[in-house]
Amino acid sequence: MTARGRTAAGRAPGPRAVEIRNAALVLFAERGYAATTMADIGEAVVMRGPSLYKHVGSKQELLTQIMTGTMDDLLRNHRAAVAGCEDVVERLRRAAEAHVRYHARHRLEAFVGTREIRSPEEPHRAEVLQRRAAMPVRAVLAVAPLASALDGPRAHALLEVPLDEGAPHERRGPRRQRISRWSWSG
Numbered sequence: 210m211t212a213r214g215r216t217a218a219g220r221a222p223g224p225r226a227v228e229i230r231n232a233a234l235v236l237f238a239e240r241g242y243a244a245t246t247m248a249d250i251g252e253a254v255v256m257r258g259p260s261l262y263k264h265v266g267s268k269q270e271l272l273t274q275i276m277t278g279t280m281d282d283l284l285r286n287h288r289a290a291v292a293g294c295e296d297v298v299e300r301l302r303r304a305a306e307a308h309v310r311y312h313a314r315h316r317l318e319a320f321v322g323t324r325e326i327r328s329p330e331e332p333h334r335a336e337v338l339q340r341r342a343a344m345p346v347r348a349v350l351a352v353a354p355l356a357s358a359l360d361g362p363r364a365h366a367l368l369e370v371p372l373d374e375g376a377p378h379e380r381r382g383p384r385r386q387r388i389s390r391w392s393w394s395g
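Per the working numbering: the sequence shown = residues 210 to 395.
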């Protein structure tokens with residue numbers, strides 16, 4: 210199964226591959242990616258570790274599929290929530306609600322996607338980071354119409370929050386301070 214949820218032959222994954230992915234998700238959430246082995250995943254689905262490779266390519270591929278699938282689902286839900294809505298305040302409310310609802314309903318995926326962002330190795334790492342980098346840009350484009358309904362400082366904060374969320378934690382300092390100052394100052 211590829212990171213996009215398809216088999217190498219381009220078919221949708223079978224039920225066994227989906228079962229393996231779900232077991233990996235639970236184990237990655239409970240133990241962490243590094244502490245989970247293919248043997249652990251095999252044990253969870255009552256299959257010997259080496260037999261897993263008939264259904265999935267690697268542990269890295271499983272992690273990548275979970276992470277990119279989560280990002281794709283989150284964006285799809287966001288687009289559906291704001292589709293056809295022209296009112297800027299309602300659009301923001303719907304976007305925020307879709308985001309919170311997704312994380313509440315898919316807490317394991319959200320948790321693994323956030324905690325394991327440094328775990329993918331090449332070539333999977335590039336795909337995950339590319340998707341992650343694209344998410345804030347898409348979020349900015351989605352909320353950009355809201356900026357006209359807000360005053361200057363709040364508009365800047367609104368547009369920078371998604372960009373800040375995509376930045377590595379060690380580089381958040383100055384932007385995080387600006388966002389806080391712009392959004393909460395009188």
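Beta carbons are placed, not taken as given, at the ideal position from N, Cα and C, and that holds for glycine.
Item                                                                                                                    : Value
For Phe320, the nearest candidate out of Thr279, Ala243 and Ala307 (CA to CA)                                           : Thr279
Runs of beta strand (DSSP E) wholly within the segment 218–285 (minimum 3 residues, chain order)                        : none
Gly322, DSSP secondary structure in three states                                                                        : helix
Residues of its chain near Met247, where Cβ-Cβ distance is below 6 Å and the 5 sequence neighbours each way are ignored : Gly258, Leu261 and Lys268
Leu283 beta carbon less than 8 Å from that of Glu325                                                                    : no
Cα-Cα separation between Ser328 and Ala290, rounded to whole angstroms                                                  : 31 Å
Residues near Ala232 in its chain [Cβ-Cβ closer than 7 Å; skip 5 each side]                                             : Ile250, Ala253 and Val254
Sequence-distant residues of the same chain with beta carbon closer than 6 Å to Asn286, five excluded per side          : Ala307 and Tyr311
Collapsed DSSP secondary structure at Glu306 in the structure displayed                                                 : helix
Close beta carbons around Gly395, own chain, < 8 Å, minus the five adjacent residues each side                          : With a pLDDT of only 42 at Gly395, under the threshold of 50, the placement of this residue in the model should not be trusted, and no figure is reported.
Cβ neighbour criterion (16 or more within 10 Å) applied to Thr323                                                       : exposed
Option in His264, Gly266, Leu234 and Val309 with minimal Cα separation from Ile164                                      : The requested residue 164 does not occur in the structure, where the chain is confined to residues 210 to 395.
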